[in-house]
Every structure is written in structure tokens, then in C-alpha cells.
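For the sequence shown, the positions run 15 to 523 when the numbering used here is used.
Ideal Cβ positions, reconstructed from N, Cα and C, are used throughout, including at glycine.
Quick caveat, the model's predicted, so the values are computed rather than measured.
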Amino acid sequence: MRILSFALCSFVLPQPSPYLTARIDDNLVGRASDTFRYVGINMDFWPTTKSKWENAGALIVDLTQSSLRTLAHGLSGSMLRLGGSPADFLLYGVDASACSPENLNKTQPHGNGYFCPIWDQAPGQCLTLSRWKDILEFARDAGLSVTLDLNACWGRESASGDMDWSQIDGLLSATAAARDSWGSSFFAVEFGNELYSNISPSVYGKAISRLRKTLDSLWPQPGPPAPRIAGPDCWENDLSQPYYTSLLSSANGSLHALTFHDYGDACCTPTEGNVLNVTCLDFLFSAATWVRDIGRSFNVTTWNGEGALHAMSGVQGLTNTAVSTLFYLHALGSYAALGFGLFSRQTFIGGDYELVNRTTFLPTPDYFGLLLFRQLVAGSALDVSVSPLTRGIRAHAFCSHTVSGGIVLLLINFASQEGASVSVSWPETPPTGTQGKYYSLQGVPGWVDGDGNPGLFRIALNNVTLSFSDGGELPALIPTPVALSSPVWLQPSSATFIDWAEAGAAACM
15 MRILSFALCS
25 FVLPQPSPYL
35 TARIDDNLVG
45 RASDTFRYVG
55 INMDFWPTTK
65 SKWENAGALI
75 VDLTQSSLRT
85 LAHGLSGSML
95 RLGGSPADFL
105 LYGVDASACS
115 PENLNKTQPH
125 GNGYFCPIWD
135 QAPGQCLTLS
145 RWKDILEFAR
155 DAGLSVTLDL
165 NACWGRESAS
175 GDMDWSQIDG
185 LLSATAAARD
195 SWGSSFFAVE
205 FGNELYSNIS
215 PSVYGKAISR
225 LRKTLDSLWP
235 QPGPPAPRIA
245 GPDCWENDLS
255 QPYYTSLLSS
265 ANGSLHALTF
275 HDYGDACCTP
285 TEGNVLNVTC
295 LDFLFSAATW
305 VRDIGRSFNV
315 TTWNGEGALH
325 AMSGVQGLTN
335 TAVSTLFYLH
345 ALGSYAALGF
355 GLFSRQTFIG
365 GDYELVNRTT
375 FLPTPDYFGL
385 LLFRQLVAGS
395 ALDVSVSPLT
405 RGIRAHAFCS
415 HTVSGGIVLL
425 LINFASQEGA
435 SVSVSWPETP
445 PTGTQGKYYS
455 LQGVPGWVDG
465 DGNPGLFRIA
475 LNNVTLSFSD
485 GGELPALIPT
495 PVALSSPVWL
505 QPSSATFIDW
515 AEAGAAACM
């Protein structure tokens, strides 16, 4: 529990620290590819029998639960991805026999020759049209846009062979028929989940091209736009440059987003007085830039379609605490600055990396971090640097979501016990006496994890603990004024936003 012991030292008095400068330049280094402002959230198709998922899987979670609906609506404008490891076993109840036992077991068992899913996960599950309608209505009411991870394996007998498309075609046809009602929140499809080379790149690309023709025929223009296509949803270092190049060439311009998965498992150990290994995180976020570059050469955006601080359904006492919030905000800022169009968080509900607790339906610290990010940040990232570069301070800058020309600076202090004083060099010097808005997030010791250890299961904004009201409403995220000409004090283990609405940045106009 070393991570918790570091994090619990957050509340200390200011002490001497190196004098740092965060310099913001008035030029864009990244822009979100869609209207989501970099933010995606995921729901997986795990059954109740899966450890850490109970009743949180997308097929069974109670979508009528009032807290869940309120928290989903709080992230309005984001993307909701449905998928995960069971996606390539899932069938769709498009007719009376679609989910028969024979069809549900059409993917042959692992170890009997060619096997398309990555491993035996959750066979025998069916997405009925009724449940699909409920999910899309839930997303529509919350203001979320849905991306569905399609089963790319059903009926496939070899990596170079075709699959049985009847289930996919039936689901898309039914959804297109409801495009003006419950189907209106359908934004995109992904093709397969972490299949690696189980499908050859040229076959994968041709399947994308086929999907594009099907979608365009079902969503004719004029009318609602046809769903986009994303993939291949693998870890970026498990596919080669020739694989991606062959895939994109065969897709013939039909792919909207090149997607990859990444988790920070190797970076969770505290180092150098920090609650996480920050150097490791920096390397993790930059590792997929070569995939981004290939995407750009084909005029395709790149998304992290699935990520969190730790994989394997998360880690109790780490991925559901305020330590994870530092990772999460650093990830959002880093991927934006590196030119990726989206970071889709694993998960909205389910596992120990969830934004909404699957038992209490209450928000975790990461939810409040994301809520503040959504409130302040637009879909454009600005160039920012910190000098001298320290082991624990990281900075990100964005255009303001609320005011044209405004700038939002995000400063993260990963140090477990040391605060820091940071002077901000804005693109234009603020007039004397100019004030900005100051939002500082910091973990609050409280509650208890499964082993009886106190942890940072709550989070405070400017020393006020955030929580649902008795009436089940989200709290107002209230800033305090800060003099923009004075250094900013960063508490240990904290994430601080400075909002200068009147910055007049040309890049943000």
C-alpha cells in the first residue's frame, strides 16, 4: 500500500521549493478530431460472473438508476464506447434465431486451430434489440454519442477468410430505421477488440471498406450522418508499421479513426518522491506517436480507445482513488498535446477503474476530475513548457471552453510531500491586478478499502470535499480568485487549473 501512504501526506504546510516557470505560447499543438473535446468513456460487456463487475456490464447495468443518469448527463458531449474483451463473442438479437445456442457457440473453442477472439472470455451473450434501444436512449438522454465495438470474428475460419456478416447487417439495419428516434445517438462502430494479427491487415481493411458501403447505404443523404468507423483497437506495440499501412491502404479511405489501447501498469510504483513514476507515464503517452504519424499520412485521426492507470479491471486502492486522478488529467493533457483526437477512459462503470462506483452509484475522484476538465477545456491544446523541468511537475494548456480567446492552464504536482511555486508566463502579460479563476483538486483521506486501509476515495476542490447533494445533484465547481501576476502555489499530490478568460489568445479565437 505504498501509494496510499504517499498520497495521505498531501495536506502539509507550504515549504520552500524550486521556483518554476510555466511558459504558454499562443500556438496550437493539438486539436480534438470530433466534438468530444478529447473525452471518451467506456462500458464493457462483462457478465455478472466476472470479478469486479457484478451488475455493471453494459448488458445488465440498471440504466434507469437516477444517480447513474445524472452522472452520465454531467459528461454530456462525450463519447460512450461499448466494447471490451467480450465484444468478439457478442451476438445481436436481430431475429428469433439470431441468439440461438448454435449461433452463440459458432466461434470454435480456443486451442482447436484458428481462434479469432484474443482468448475465451464471455461466450454465449446476446445484445437484444430491446437492450440496444435502451442503451441508445440512455446515451441520447445524457447527451452522449455511442461507438459500438462490433464482433469481427463470428463465422471467421481463418485470418485471411471472410466472416458471417448477417448479424452486423441486421443490427445496423434496425438502428438505421430508428435513426430519427432511439438510434440518433449512434456515432460510430469499431471493428473488433484487440484481435492483433488474428485478421490479416488486407482482410481487415477490406472489411472496413465493406462496412463503409453498408453504412452509407443505410444512412443516405440528406439526413443524419452515417456512423463513422474506427479500429483496430490493439495495443500499439503489438502491430507493426506494415500492418497499419496495409490496413489503411486496403480500407480505401473508409476509416475515421485509428485506435489503440494503453494502460499505465508499469508506472504505478511511486518513485523519486512522487506518487507515480512520472517519467514512465511520459514515455507511455508518447509511445504511440508513430501510430499517429501513420494515421496522419492517410488523413486519419488517432484515438486512444481504451486506457486507465492499470489494466486487469483496475486495482482497488489505486485506480479508484485521487492518485488516479493525477494520472487521468495528465493523460488527457498529454494525448491532446501529442495530437491524438480522443482518450477514452476505461470505464464509466465497472471494474476498480470506474468513474461511477458500481455498488453505490456515487462518483469517484476521477469523475470529478473529468467533470472539471469538461467544464473548462475546449478541444484545442496549446504549447506549454515548465522550466527547470522537475521530476514531479507537469503542465498542459488549452483553449477555454467557455470564452473565445480564453486560456486554461493545468498544473499537476505528483510530489507526495512537497509543494511547488510556479510563475506563469502567459502569451500576453496580464494587466496589473488581473485575476483568474483557481481550481485545485486534492485527495481527501476517508472511507476504507477492502483490506481496511484508509485511502483517498474522495476529492476536494479548493479544500471543499466534493460529493453528491442529498437530492442527488452534482455540486457546483466553484473557483477562488487568483492574481495572475503572482506565482501559483501547488499543493502536494494535486491538480490545479488556472482559467484566464480574458487572455485574448489568437489561437483560441
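Requested in this report: Please report the residue range of the beta strand (DSSP E) in which Arg154 lies.
Outcome: On the sequence shown, residue 154 is found 140 positions in, with the first residue counted as 1. Premise fails: Arg154 lies in the alpha helix (DSSP H), Leu143 to Ala156, not in any beta strand (DSSP E).
Rounded to the nearest angstrom, what separates Leu272 and Gly447 at their Cα positions? Locating residue 272 in the sequence shown gives position 258, counting from the first residue. Locating residue 447 in the sequence shown gives position 433, counting from the first residue. Cα to Cα, the separation comes out at about 46 Å.
**Prompt:** So what's Ile213 in DSSP terms, helix, strand or just coil?
**Reply:** Translated into the one-based positions of the sequence shown, residue 213 becomes position 199. Residue state, collapsed to three classes: coil.
> Of the residues Phe354, Gly347, Leu229 and Asn318, which one's Cα is nearest the Cα of Gln360?
Replying inline: Taking the sequence shown and counting its residues from 1, the one referred to as residue 360 is at position 346. Checked all of Phe354, Gly347, Leu229 and Asn318; the closest Cα to Gln360 is Asn318.
**OP:** Take the Cβ of Tyr128 as the centre, count every other Cβ of all protein chains shown within 10 Å, and call the residue buried at 16 or more, exposed below.
**Re:** Counting from one through the sequence shown, the residue named residue 128 turns up at place 114. Label assigned to Tyr128: exposed.
**OP:** Can you tell me the Cβ-Cβ gap for His344 and Arg408, rounded? I've got them flagged as a contact below 8 Å.
**Re:** Within the sequence shown, numbered from 1, the residue matching residue 344 stands at position 330. Within the sequence shown, numbered from 1, the residue matching residue 408 stands at position 394. Contact holds; Cβ gap of about 6 Å.
Environment of His124 [buried if 16+ CB atoms lie within 10 Å]: By 1-based counting over the sequence shown, the position of residue 124 is 110. The residue in question, His124, is exposed, as its Cβ has fewer than 16 Cβ neighbours within 10 Å.
**Request:** Identify the continuous alpha helix (DSSP H) that holds Ala188 and give its terminal residues.
**Result:** As a first step, residue 188 is located in the sequence shown; it is residue number 174 there, counting from the start. Taken as a continuous stretch (DSSP letters only), the alpha helix (DSSP H) holding Ala188 covers Ser180 to Ala191.
Check whether Phe341 and Leu323 have beta carbons under 8 Å apart: The count along the sequence shown starts at 1 and reaches residue 341 at position 327. The count along the sequence shown starts at 1 and reaches residue 323 at position 309. Taking 8 Å as the Cβ cut-off, Phe341 and Leu323 qualify as a contacting pair.
Name the two residues that bound the continuous alpha helix (DSSP H) containing Pro495. Along the sequence shown, read from residue 1 onward, the residue named residue 495 stands at position 481. Not the alpha helix (DSSP H): Pro495 falls in the beta strand (DSSP E), residues Thr494 to Ala497.
inquiry  = For a quick check, are the C-beta atoms of Ser90 and Gly197 less than 8 Å apart?
reply    = The sequence position of residue 90 within the sequence shown is 76, counting from 1. The sequence position of residue 197 within the sequence shown is 183, counting from 1. In this structure, Gly197 does not lie closer than 8 Å to Ser90 by Cβ.
- Query: According to DSSP, is Ser481 helix, strand or coil?
  - Reply: In the sequence shown, the residue the question calls residue 481 occupies position 467. Reduced to three states, the DSSP call for Ser481 is coil.
For this session: Kindly indicate which residue of Arg310, Val337 and Ser264 has the alpha-carbon position closest to the one of Cys282.
Result: Translated into positions along the sequence shown, residue 282 becomes position 268. Closest option to Cys282, Cα to Cα, is Val337.
Just verifying my parser: in three-state terms, what is the DSSP assignment at Val370?
To locate residue 370, count along the sequence shown from 1; it is residue 356. Here Val370 sits in strand by DSSP.
Inset, instruction - Would you mind reading off the limits of the alpha helix (DSSP H) that contains Glu320? - result: As a position in the sequence shown, residue 320 is number 306, starting the count at 1. Unbroken run through Glu320 is the beta strand (DSSP E), Thr315 to Ala322; no alpha helix (DSSP H).
For Ser80, name the three-state secondary structure that DSSP assigns. Reading the sequence shown from its first residue, position 66 is the one you call residue 80. Correct three-state label for Ser80: helix.
Under the three-state reduction of DSSP, which class applies to Arg226: helix, strand or coil?
On the sequence shown, residue 226 is found 212 positions in, with the first residue counted as 1. Helix at Arg226.
Exercise for review: Specify the secondary structure class of Cys113 as computed by DSSP and reduced to three states.
Suggested key: Residue mapping note: residue 113 aligns to position 99 of the sequence shown, counting from 1. Cys113 falls in the coil class under three-state DSSP.
Taking buried to mean at least 16 other C-beta atoms within 10 Å of its own C-beta, is Gly464 buried or exposed?
Counting from one through the sequence shown, the residue named residue 464 turns up at place 450. With a pLDDT of 45 at Gly464, under the threshold of 50, the modelled position of this residue cannot be trusted; read the value that follows with caution. Per the 10 Å Cβ criterion, exposed.
For Met93, list the residues DSSP reports as bridge partners. Against the sequence shown, residue 93 aligns to sequence position 79. BP columns for Met93 point to Gly54 and Ser159.
key: Cβ-based neighbour list, Asn41, same chain, cut-off 6 Å, excluding 5 preceding and 5 following   = One-based indexing of the sequence shown puts residue 41 at position 27. Correct list, in chain order: Asp397 and Ala521.
Exercise for review: Would you kindly work out how many angstroms separate the C-alpha atoms of Thr378 and Lys66, rounded to a whole number?
Suggested key: Here residue 378 refers to the residue found at position 364 when the sequence shown is read from its first residue. Here residue 66 refers to the residue found at position 52 when the sequence shown is read from its first residue. The alpha-carbon atoms of Thr378 and Lys66 are separated by roughly 15 Å.
Give me, in chain order, the residues of the same chain whose beta-carbon lies closer than 7 Å to that of Thr49; leave out the 5 immediate sequence neighbours on both sides. Along the sequence shown, one-based indexing puts residue 49 at 35. Once the five neighbours on either side are set aside, the close Cβ partners of Thr49 are Gly91.
- Alpha carbon to alpha carbon, how far is Thr335 from Val329? Give it in angstroms, no decimals. Locating residue 329 in the sequence shown gives position 315, where the first residue counts as 1. Locating residue 335 in the sequence shown gives position 321, where the first residue counts as 1. Straight-line Cα distance between these residues: approximately 10 Å.
Exercise. Are the C-beta atoms of Leu488 and some chain D residue less than 8 Å apart?
Worked result: Protein chains in the displayed structure number just one, and chain D is not present.
Provide the residue span of the beta strand (DSSP E) that contains Ile243, from first to last.
Sequence index remark: in the sequence shown, residue 243 carries index 229 (1-based). Looking at the DSSP string, the run of the beta strand (DSSP E) that includes Ile243 is Arg242 to Trp249.
**OP:** Tell me whether Pro131 sits in a helix, a strand or coil according to DSSP, three-state version.
**Re:** The sequence position of residue 131 within the sequence shown is 117, counting from 1. Pro131: coil per DSSP, three-state reduction.
- Task: Taking the CB atoms as reference points, tell me whether Gln139 and Pro234 lie closer together than 8 Å.
- Result: On the sequence shown, position 125 is the one that residue 139 refers to. On the sequence shown, position 220 is the one that residue 234 refers to. No, the pair does not count as a contact, with Cβ atoms beyond the cut-off.
Backbone CA spacing between Ala136 and Asp76 [nearest angstrom]:
The residue given as residue 136 occupies position 122 in the sequence shown. The residue given as residue 76 occupies position 62 in the sequence shown. Their Cα atoms are separated by approximately 20 Å.
Query - C-beta contact flag for Asp163 and Gly97 at 8 Å - result: By 1-based counting over the sequence shown, the position of residue 163 is 149. By 1-based counting over the sequence shown, the position of residue 97 is 83. Cβ distance < 8 Å, so Asp163 and Gly97 count as in contact.
### Message
Once DSSP output is grouped into helix, strand and coil, what is the label at Val329?
### Response
Within the sequence shown, residue 329 is the residue found at index 315, counting from 1. In the structure shown, Val329 sits in coil (DSSP, three-state: anything other than H, G, I, E or B).
Buried or exposed for Met93, please, with buried defined as at least 16 other CB atoms from any protein chain shown within 10 angstroms of its CB. Position 79 of the sequence shown holds residue 93. Counting Cβ neighbours within 10 Å, Met93 comes out buried, since at least 16 surround it.
Self-check item: Span of the alpha helix (DSSP H) around Cys294
Solution: In the sequence shown, the residue the question calls residue 294 occupies position 280. Per DSSP, Cys294 belongs to the alpha helix (DSSP H) from Val292 to Ser300.
query: With Leu261 and Pro239 assumed to form a contact (beta carbons below 8 Å), what rounded beta-carbon distance in angstroms separates them?
result: For the purposes of this step, residue 261 is taken as residue 247 along the sequence shown, with counting starting at 1. For the purposes of this step, residue 239 is taken as residue 225 along the sequence shown, with counting starting at 1. Their Cβ separation, rounded to whole angstroms, is 23 Å, which puts Leu261 and Pro239 out of contact at 8 Å.
Notebook entry, point to check: On the three-state DSSP scale, how would you describe Val108?
Noted result: For the purposes of this step, residue 108 is identified with residue 94 of the sequence shown, where counting begins at 1. In this structure, Val108 counts as coil in the three-state DSSP scheme.
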